[in-house]
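Accompanying notes for the structure given below.
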Amino acid sequence: MGLHPLEFSECYLDSPVFREKIKSHEAELDKTNRFIKELYKDGKNLINATKQLVLAQRKFAQSLGEFQFEYIGDAKTDDERCIDESLQEFSNFLKNLEDQRELMMRNITETLMKPLEKFRKEQLGSAKAERKKYEKETEKYYSSLEKLLNMSAKKKEPQLQEADSQVETIRQHFQEESLDYVCKLQEIQERKKFDCVEPMLAFFQTVFTFYHQGFELANDFNHYKKALQINIQNTRSRFEGTRVEVFELMKRIREVPQEYRQTSPISSEGYLYVQEKRPPPFGSSWVKRYCTFVKEQKILHMVTFDHRSGGKMGETESVTLKSCVRKTTDMLDRRFCLDIEITDRPGTVLTVQSLSEDDHKFWIHAMGGKEPAGQYLGKTYSKERGIDAQLDDVGLSFVKNAINAIETRGINDQGLYRVVGVSSKVQKLLSLMIDEKSNDVDLSTCEDWDVKTITSTLKLYLRSLPEPLMTYGLYKDFIAPAKGGSPESRSQAIHCLVHKLPEKNRLVLGLLLKHLATVAAHSKLNLMTVANLGVVFGPTLMRPQEDTVAAIMDLKFQNIVVEILIEQHEKIFGDVPGPSSPGLSAPTRQSKKLSVRQNRPLAVYNPKKVDLQTVSPTSPDVGSNSDEASLGSNESVSSQSTASGTPPEKANHGRLLASLSTGDSITVCKTTTKTLQNKHVLSRPEKHLLEPFVTGGGGKRAMAVYPCEAEHDSELSFQVGAIFSAVAPSREPGWLEGELEGKKGLIPENYVEML
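As numbered in the UniProt record's numbering, residues 1 to 755 make up the sequence shown, in order.
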């Protein structure tokens with residue numbers, strides 16, 4: 001388990017557990033600060049001590065290898081995992097240079113030292129400053145609060161009101177500072193993943209560029225650098241989307257903090273001052289305790305916690321509540337008091353004091369007390385929907401209409417689904433299309449509505465449904481596979497979950513995924529790769545019911561789930577054909593191993609030509625919604641497949657392809673050729689693979705050009721160069737039947753070459 005997310009709602013509770021979470025974040029930033037200082041010192045040694053170069057490299061490599069990034073939440077994406085592992089990879093690169101005599105160290109100050117020091121001073125330094133302000137406001141607030149609570153209730157009402165007003169002002173300052181500090185902590189935790197790694201990436205590029213004898217190693221590093229750049233690009237894109245959502249949540253909480261006071265439907269919590277009676281002549285004392293009341297069992301848990309004594313947590317005491325009665329000021333010279341009768345000790349009454357009038361009403365309501373006025377009901381924030389969108393026949397008709405129009409009129413439009421339409425037009429079109437009396441407009445021929453308005457309307461319809469298309473009930477089940485496991489296990493788990501969806505949800509999802517696969521097949525023109533579509537449709541197709549920072553941190557896993565669904569749509573929805581555009585089609589059925597080969601652009605990366613076509617997420621013609629993150633190149637890979645790695649036999653084949661010039665003619669797997677966007681051409685048309693069967697019947701032979709591992713008993717496993725006999729077409733589209741070493745079975749059509 002990594003660092004816990006810091007919920008903005010906890011800033012108002014200021015619980016001991018919340019303070020412990022803040023401490024863990026502060027400790028992580030301190031560790032990062034020490035790491036950067038040490039790294040900076042080691043970099044200076046590399047520049048100034050050429051004679052001790054090997055020793056300095058070992059120390060630097062050790063520093064990199066020992067440090068690990070902490071992450072927020074309970075899992076990392078594949079991109080984050082690659083970024084975390086990058087420090088160890090960098091360390092390994094340095095160890096390979098131990099035997100070298102000379103290394104040209106140029107531009108190190110600009111590419112490594114200054115960015116790291118800038119990050120340490122500007123980001124970590126600002127966090128320290130915020131920390132001091134936060135501690136100062138904490139001390140100021142709780143001191144003034146105790147002074148207020150100790151004030152006699154018999155004082156004049158104007159004096160009491162003035163004191164209440166002063167404390168309320170201080171409390172607001174404290175909570176504002178708490179929100180800012182929590183936001184700053186989490187922003188730096190996320191930012192450091194790329195702000196720290198990118199300077200080191202540039203440093204290594206400089207090292208290998210000027211290192212004459214390390215040319216081969218530099219080529220290998222260039223390959224790794226390309227993969228890491230994609231990981232960083234994906235991580236940054238998700239960071240920008242998550243950052244927008246977090247700020248929106250913080251804004252909502254600032255506007256109505258009372259709606260977020262209730263953090264759990266089964267319990268209520270907050271600070272209470274508990275009266276502890278002592279024998280005469282000592283009287284009684286009031287001790288501040290953080291209390292959690294479990295409603296169903298009527299148990300009150302109390303733990304002593306003093307913010308001014310280093311934040312030490314005392315022992316927990318639990319009592320069972322029998323009744324709760326408001327205590328009037330004529331009985332006790334303190335305001336906001338309650339008498340709690342305890343069943344554990346018959347006849348014992350526990351007197352507690354809440355922090356304010358609103359807090360007093362909150363506890364009376366939570367404990368079922370006898371104070372009926374001003375009850376407070378905690379509730380969860382929910383967005384109001386001005387459009388009554390339903391998953392009915394009218395909605396299904398609109399989805400089909402919109403998809404047909406998009407594929408007919410704008411499948412090649414750049415930034416499809418990312419460039420947004422005018423909001424008023426989008427609202428008008430959706431209202432028109434879900435109206436049974438006026439939804440007969442054919443959008444594929446109607447020029448009144450442009451393509452970006454139609455795409456935005458389709459997204460708005462899906463977001464306006466009472467429940468997401470992939471349902472609240474299955475949200476956690478869908479997210480779980482994306483947080484771990486192999487690509488195969490993820491696909492299998494998500495495959496099973498799709499069939500648990502209601503029939504209409506599954507039908508609409510199948511139509512949409514088939515359409516998105518068609519969009520991705522035209523990514524060379526529209527720049528909408530599977531990864532980019534995942535960013536757009538992740539929050540649209542699935543979202544949690546709760547509105548918390550922890551839920552927002554799962555946005556990246558929503559994207560991964562949608563990427564898997566797009567890539568595996570044919571397998572999950574058996575009746576959905578693949579994209580039919582000329583030159584971009586794929587076999588109707590493919591082996592799982594083939595889905596891995598589709599990501600081979602990483603293996604054929606040409607260090608002489610790095611082409612990451614990107615569109616800035618802040619470009620003026622693009623909306624700033626969280627589902628409209630930056631577009632990557634058409635060769636970028638989805639996060640779920642990037643981290644899976646390429647098996648050794650595939651990597652070797654990739655290097656063979658990389659050694660060929662762009663104009664070379666070679667017979668390769670159809671999917672690989674299309675993945676490379678026609679960088680390598682086929683030596684003959686694909687249809688010739690089946691011509692022997694049309695003219696000459698069975699008994700033909702074929703040779704394997706790719707290795708394959710059987711996933712079912714009906715398939716054959718083989719290595720490159722294997723010779724098949726009795727090869728004939730199979731009834732399964734995209735497959736052949738053949739015999740190898742006396743065993744008959746299915747063979748992927750695009751894994752072999754006819755002899």
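Glycine included, each C-beta is placed from N, C-alpha and C at the ideal position.
Bridge-paired residues (DSSP) for residue i
i, result
"Lys-743", "Leu-740"
"Cys-446", "Paired residues: none, contrary to the question."
"Cys-708", "Phe-718"
"Gly-270", "Cys-291"
"Lys-277", "Ser-284"
"Leu-116", "Answer by DSSP bridge pairing: none, since Leu-116 is not bridged."
"Val-349", "Glu-341"
"Ala-728", "Glu-737"
"Ala-702", "Phe-724 and Met-754"
"Leu-3", "Ile-72"
"Ser-318", "His-301"
Residues near residue i in its chain [Cβ-Cβ closer than 6 Å; skip 5 each side]
i, result
"Val-441", "none"
"Lys-322", "Glu-341 and Thr-343"
"Leu-228", "Ser-86"
"Ser-178", "Cys-11"
"Gly-509", "The amino acid at residue 509 is misidentified as Gly; the sequence shows Leu. So the list reads Leu-469, once near-sequence residues are dropped."
"Gln-275", "Ser-284, Trp-286 and Thr-351"
"Ser-638", "The pLDDT assigned to Ser-638 is 40, lower than 50, so where the model puts this residue is not dependable, and the model offers no usable value."
"Val-498", "Ile-572"
"Gly-698", "Residue placement at Gly-698 is flagged as unreliable, the pLDDT there being 45, under the threshold of 50; a coordinate-derived value is accordingly withheld."
"Gly-415", "none"
"Gly-538", "Gln-558, Asn-559 and Val-562"
"Thr-206", "Asn-107 and Thr-111"
Three-state secondary structure assigned by DSSP to residue i
i, result
"Tyr-472", "coil"
"Cys-324", "strand"
"Thr-529", "coil"
"Ala-520", "helix"
"Asn-750", "helix"
"Leu-64", "helix"
"Pro-582", "Low per-residue confidence applies at Pro-582: pLDDT is 35, beneath 50, and the placement is therefore not dependable enough to give any value."
"Lys-184", "helix"
"Ile-108", "helix"
"Leu-300", "strand"
"Thr-77", "coil"
"Ala-27", "helix"
"Asp-477", "helix"
"Gly-43", "helix"
"Asn-505", "helix"
"Cys-196", "coil"
"Met-250", "helix"
"Glu-240", "helix"
"Val-536", "helix"
Other residues of its chain near residue i: CB distance less than 7 Å, five sequence neighbours each side excluded
i, result
"Lys-277", "Ser-284"
"Ile-723", "Arg-701 and Met-703"
"Phe-221", "Phe-93, Phe-204 and Phe-208"
"Val-182", "Leu-6, Phe-8 and Cys-11"
"residue 756", "Nothing in the structure corresponds to residue 756, since the chain is present only between 1 and 755."
"Ala-127", "Leu-29, Lys-184, Leu-185 and Ile-188"
Cβ neighbours of residue i in the same chain (closer than 8 Å, five flanking residues each side left out)
i, result
"Gly-2", "Glu-70, Tyr-71, Ile-72, Gly-73, Asp-74 and Lys-76"
"Ser-144", "Gln-166, Val-167 and Ile-170"
At least three beta-carbon pairs within less than 8 Å, the stretch 170-181 to the stretch 130-140: Enough Cβ pairs lie closer than 8 Å, so yes.
At least three beta-carbon pairs within less than 8 Å, the stretch 740-750 to the stretch 711-725: Counting Cβ pairs under 8 Å, three or more are found: they touch.
Meets three-Cβ-pair contact criterion under 8 Å: the stretch 487-496 and the stretch 527-539: Short answer: they don't touch.
Stretch pair the stretch 483-490 + the stretch 459-470: three plus CB contacts closer than 8 Å: Counting Cβ pairs under 8 Å, fewer than three are found: no touch.
Residue ranges of each alpha helix (DSSP H) within the stretch 148-175, 4 or longer: List check, alpha helix (DSSP H) in window: nothing returned.
Stretch pair the stretch 558-570 + the stretch 513-530: three plus CB contacts closer than 8 Å: With the cut-off at 8 Å, the stretch 558-570 and the stretch 513-530 touch.
At least 3 beta-carbon pairs within less than 8 Å: the stretch 229-241 vs the stretch 297-307: Proximity of the stretch 229-241 to the stretch 297-307 falls short of the contact definition, fewer than three beta-carbon pairs being nearer than 8 Å.
Given 8 Å, three or more beta-carbon pairs between the stretch 37-45 and the stretch 444-451: Remark: fewer than three beta-carbon pairs, one from each stretch, lie closer than 8 Å, so the stretch 37-45 and the stretch 444-451 are not flagged as touching.
At least 3 beta-carbon pairs within less than 8 Å: the stretch 392-405 vs the stretch 356-365: As far as the Cβ criterion goes, the stretch 392-405 does not touch the stretch 356-365, which means the pair count is below three.
Any alpha helix (DSSP H) of 4 or more consecutive residues that is wholly inside the stretch 389-426: Counting whole runs of 4 or more residues, the stretch 389-426 contains the alpha helix (DSSP H) stretches 393-409.
Segment contact flag, the stretch 185-193 with the stretch 120-132, C-beta cutoff 8 Å, min 3 pairs: The stretch 185-193, when compared against the stretch 120-132, does touch it at the 8 Å Cβ threshold.
Contact between the stretch 18-27 and the stretch 58-68 (3+ Cβ pairs under 8 Å): No, the stretch 18-27 is not in contact with the stretch 58-68.
4 or more residues per run - each alpha helix (DSSP H) lying fully within the stretch 198-228: Segments of the alpha helix (DSSP H) lying fully in the stretch 198-228: there are none.
Inter-stretch contact (C-beta, 8 Å, three-pair minimum) for the stretch 519-528 and the stretch 389-402: For the pair of segments examined, the stretch 519-528 was found not to touch the stretch 389-402: the number of CB pairs separated by less than 8 Å stays below three.
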